[in-house]
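Okay, so the sequence shown: first residue is 1 according to UniProt numbering, each after it adds one.
All C-beta atoms in this analysis are idealised placements derived from N, C-alpha and C, irrespective of residue type, glycine included.
Some notes on the structure that comes next.
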Amino acid sequence: MPKLWEAFHVQIHQSVIEAIGNTPLIRLNRVSEETGCEILGKAEFMNPGQSVKDRAALYIIRDAIASGALQPGGTIVEGTAGNTGIGLSLVGTSLGFKSVIVIPDSQSQEKKDMLRLAGATLVEVPPKPYRDPNNYIHYARRLAAELAKTEPNGAVFANQFDNTANRQAHVETTGPEIWAQTDGAVDGFICAAGSGGTVAGVAQALQPKGVKVGIADPMGAALYNFYTNGELKAEGGSISEGIGQGRITANLEGFTPDFACQVTDEEALPIIFDLLEFEALCMGGSTGVNIGGAVKMAQDMGPGHTIVTILCDYGSRYQSKVWNPAFLREKNLPVPHWLAEAPREVP
Ligand code: PMP
Numbered sequence: 001m002p003k004l005w006e007a008f009h010v011q012i013h014q015s016v017i018e019a020i021g022n023t024p025l026i027r028l029n030r031v032s033e034e035t036g037c038e039i040l041g042k043a044e045f046m047n048p049g050q051s052v053k054d055r056a057a058l059y060i061i062r063d064a065i066a067s068g069a070l071q072p073g074g075t076i077v078e079g080t081a082g083n084t085g086i087g088l089s090l091v092g093t094s095l096g097f098k099s100v101i102v103i104p105d106s107q108s109q110e111k112k113d114m115l116r117l118a119g120a121t122l123v124e125v126p127p128k129p130y131r132d133p134n135n136y137i138h139y140a141r142r143l144a145a146e147l148a149k150t151e152p153n154g155a156v157f158a159n160q161f162d163n164t165a166n167r168q169a170h171v172e173t174t175g176p177e178i179w180a181q182t183d184g185a186v187d188g189f190i191c192a193a194g195s196g197g198t199v200a201g202v203a204q205a206l207q208p209k210g211v212k213v214g215i216a217d218p219m220g221a222a223l224y225n226f227y228t229n230g231e232l233k234a235e236g237g238s239i240s241e242g243i244g245q246g247r248i249t250a251n252l253e254g255f256t257p258d259f260a261c262q263v264t265d266e267e268a269l270p271i272i273f274d275l276l277e278f279e280a281l282c283m284g285g286s287t288g289v290n291i292g293g294a295v296k297m298a299q300d301m302g303p304g305h306t307i308v309t310i311l312c313d314y315g316s317r318y319q320s321k322v323w324n325p326a327f328l329r330e331k332n333l334p335v336p337h338w339l340a341e342a343p344r345e346v347p
């Protein structure tokens, strides 16, 4: 029996902001054994906003304060699939800023509820492609410009996709943490891209040290095509939220992956179902794509390598989707028997 109390360390954070980052690396036992590689997950769901996006939110806000764009009591405006908004609202509230979040109404109810709890004013818009002027990102940009004129303390557009303060968070924190936690014994890193901040930032930190960096794309998204044949073409869809980018954002500029693969929902879902059933880790859909990508990278590299991926956000954020048998059945996706049998009664 391990001495469990050794896991505790006495440290007082002065605010929730100081609890962002320094997340553990967790060995993913089943996929490691299956591939003969060490596949490690960076537990980003352990950030206070329960996702990888807290780091980007903190860097974006810090940058906007430093440049003078964000004044005391000012408003942060963002278009987001949810997690960036949760991070921005959390950091914003703790520093006395207001937040206005524009979100496609297709995103999970749990993320919308959490945004409101984190202090955001929510604007739900119908999902539209990026080329449409009413796409949530363009909507948020226009709203920020209007609020900059009407809000007494001004407003800024966080612009996670094209604001490279996002990537910088991963250059300065996620990448170096992975290097330190593995004592430099890391051969590969792979994850999917939303804004691309995580993958391109970790690449900027770790590729110069000889670490191969891969990109895992949900099936049908555009980046796999782009990095394999130069064509930014998307066809098909995925139930995973927050990933599947259709353009080269400013955060992705200058990034060249060493490996690219596609992961289907049918491949990604059983991975996160097993992860919960056997390893007690309850994750969201994008984590399934990331781990599926890590398995493919491990198969490509061969046994004996150490590969790190991102455990992006906690599964309770998708109780009504990935963890809901009715939703999965409706999408013709596999339903694990233990989930189909829920709700479990207390005997
Ligand atoms: N997974 C989830 C659940 C997300 O919300 C996001 C960000 N939208 C990502 C992965 C991708 O992170 P990034 O924006 O750094 O590419």
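query                                                                                                   : result
Buried versus exposed call for D313 [16 or more other C-beta atoms within 10 Å across all chains shown] : buried
Bridge partner(s) assigned by DSSP for V263                                                             : P218
Exposure of D183, with buried meaning 16 or more beta-carbon neighbours within 10 Å                     : exposed
CB-CB length for G194 against Q245, believed under 8 Å                                                  : 6 Å
Cβ neighbours of C191 in the same chain (closer than 6 Å, five flanking residues each side left out)    : T198, V199, N290, T309, I310
DSSP state of I76 mapped onto helix, strand, coil                                                       : strand
Proximity to L143 [Cα-Cα], best of A180, G79, F189                                                      : G79
Check whether E38 and T306 have beta carbons under 7 Å apart                                            : yes
Cβ-Cβ distance between I272 and G288 below 7 Å                                                          : yes
Alpha carbon of D265 to alpha carbon of S238, nearest angstrom                                          : 6 Å
G196 vs T249 beta-carbon contact at 7 Å                                                                 : yes
C-alpha distance - W179 paired with A203, whole-angstrom precision                                      : 12 Å
Alpha helix (DSSP H) segments (min. 4 residues) lying fully within the stretch 13–56                    : 29–35
Inter-residue Cα distance where the pair is I215 and V156                                               : 31 Å
Inter-stretch contact (C-beta, 8 Å, three-pair minimum) for the stretch 127–146 and the stretch 64–84   : yes
Exposed unless 16 or more other CB atoms sit within 10 angstroms - verdict on N153                      : exposed
Separation of D113 from P48, as counted between CA atoms                                                : 16 Å
Extent of the continuous alpha helix (DSSP H) to which E110 belongs                                     : 109–117
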